[in-house]
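Remarks on the structure that follows.
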Amino acid sequence: MTRITAWRRHPLARYAVLIFALALVGMVYAAFVQAGKPADAALAAGKVDDVAEGKSLFVQHCSSCHGMNAEGTATGPTLVGVGAAAVDFQMSTGRMPAADPGAQAPRKPLAKWVTPQAISQIGAYVQSLGGGPQVPGKEQVDPAGGDAGKGGELFRANCIQCHNWAGAGGALTRGKYAPDLNQASPTQIYEAMITGPQAMPVFNDTTITPEEKQSMIAYITQVREQKDPGGFGLGRIGPVTEGLVAWIAGLSALALAAIWITAKKRQKS
1 MTRITAWRRH PLARYAVLIF ALALVGMVYA AFVQAGKPAD AALAAGKVDD VAEGKSLFVQ
61 HCSSCHGMNA EGTATGPTLV GVGAAAVDFQ MSTGRMPAAD PGAQAPRKPL AKWVTPQAIS
121 QIGAYVQSLG GGPQVPGKEQ VDPAGGDAGK GGELFRANCI QCHNWAGAGG ALTRGKYAPD
181 LNQASPTQIY EAMITGPQAM PVFNDTTITP EEKQSMIAYI TQVREQKDPG GFGLGRIGPV
241 TEGLVAWIAG LSALALAAIW ITAKKRQKS
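Using UniProt numbering, read the sequence shown as starting at 1 and increasing by one per residue.
Structure below.
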């Protein structure tokens with residue numbers, strides 16, 4: 001008892017107890033986290049083969065820009081930590097693999113080897129490198145589960161500055177642009193919000209909740225189906241284009257009318 005009492009009175013004893021308590025709490029927390037949430041979606045689902053196949057495809061088609069281990073190069077950024085959602089968005093829209101380095105990768109038809117299975121496998125490999133946003137489930141992107149009215153409010157508050165009220169897109173600086181959303185699927189819209197491709201900011205779940213994202217998807221898809229009551233929508237680009245067309249069409253009509261009236265007067269004289 002004397003030795004134990006003496007040790008307890010030692011000046012460093014309190015620090016040793018504190019370090020031991022912190023280590024114990026850390027181990028218990030890590031055990032609960034690992035039990036409740038898988039570290040990697042692909043491995044947790046038992047799709048180890050997808051990761052291996054994905055790495056093989058990545059080396060063949062992506063490593064020239066992103067590096068052999070996705071560490072990034074001078075022509076392509078690192079993909080460690082971007083998640084499977086970023087891979088699915090970039091590849092399913094045809095932006096990757098990129099044809100030419102430029103200010104922004106455009107949407108284009110998919111290459112022959114880019115299949116849903118190949119995209120899933122490369123996504124599983126990238127996800128295994130450092131986690132990141134995962135591909136959303138079908139229930140998360142179903143427009144029927146969202147409130148289009150609330151989604152419209154959120155879209156006008158956060159997105160119309162770049163994408164226009166109807167998602168028609170618009171020009172940005174340095175050769176970049178906000179793309180037209182009419183071709184984007186609900187999954188691609190959700191993935192764009194959680195990954196922030198190109199010049200787009202990231203809208204994580206603390207900024208816009210998953211339910212709010214679903215409502216925004218409901219609004220975007222609903223607007224596509226709306227008809228233009230005034231006639232030709234002119235691509236729904238906005239009042240500047242509408243005003244320009246009105247001026248050109250109006251002035252042209254007035255000029256033609258003036259020419260016609262003048263010609264009639266000359267014939268009578």
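For each residue, glycine too, the CB sits at the ideal point set by N, CA and C.
From the listed residues I122, P77, P116 and D88, the smallest Cα separation to P101 is found for P77. When the beta-carbon positions are compared, Q121 and E53 come within less than 8 Å of each other. For M91, the enclosing alpha helix (DSSP H) begins and ends at G83 to S92. With 16 or more other CB atoms across the displayed protein chains lying within 10 angstroms of its CB, M193 is buried.
Counting every other CB atom within 10 Å of its CB across the protein chains shown gives F89 a total of 16 or more, marking it as buried.
In the DSSP assignment, T221 falls within the alpha helix (DSSP H) that extends over P210 to E225.
Here G132 carries a coil assignment [DSSP, helix/strand/coil]. T187 counts as buried, since no fewer than 16 other beta carbons sit within 10 angstroms of its beta carbon.
Counting along the chain, the unbroken alpha helix (DSSP H) around R156 starts and ends at A148 to N158.
With respect to the 8 Å criterion, G72 and G131 are not classified as neighbours on the basis of their beta carbons. According to DSSP, residue pairing for G196 in a beta bridge does not occur.
Taking the CA atoms as reference points, G83 sits about 31 Å from L24.
Of all alpha-carbon atoms in A166, G250, F20 and S63, the one lying nearest the alpha-carbon of M216 is that of A166. Taking one beta carbon from each stretch, the region 171-191 and the region 202-219 have 3 or more pairs nearer than 8 Å; the two touch. Boundaries of the alpha helix (DSSP H) around C65: S63 to H66. Under DSSP, no beta-bridge partner is assigned to Y190.
Comparing alpha-carbon positions, the option among L251, V135 and L79 lying closest to S92 turns out to be V135. Secondary structure at G102: coil, using DSSP grouped into helix, strand and coil. In terms of Cα proximity to A105, the closest of M96, W113 and S185 is M96. Taken through DSSP and simplified to helix, strand or coil, G170 comes out as strand.
Judged by beta-carbon spacing, K176 lies within the 8 Å limit of A103, meaning their Cβ atoms are closer than that value. DSSP, reduced to helix, strand and coil, places A178 within a strand of the structure shown. Of the residues A246, L172, Q140 and K108, the one whose Cα lies closest to the Cα of T209 is Q140. Under the three-state reduction of DSSP, L79 is assigned to coil, being neither helix nor strand. Ranking L181, I248 and R174 by CA distance to the CA of I160 puts L181 first. The DSSP-derived three-state label of P109 is coil.
When the five nearest sequence neighbours on each side are left out, the beta carbons in the same chain lying within less than 6 Å of the beta carbon of F58 are those of I122 and Y125, in order along the chain. Take T221, set aside five residues on each side of it, and the residues of its chain with a beta-carbon closer than 6 Å to its own are P143, in chain order.
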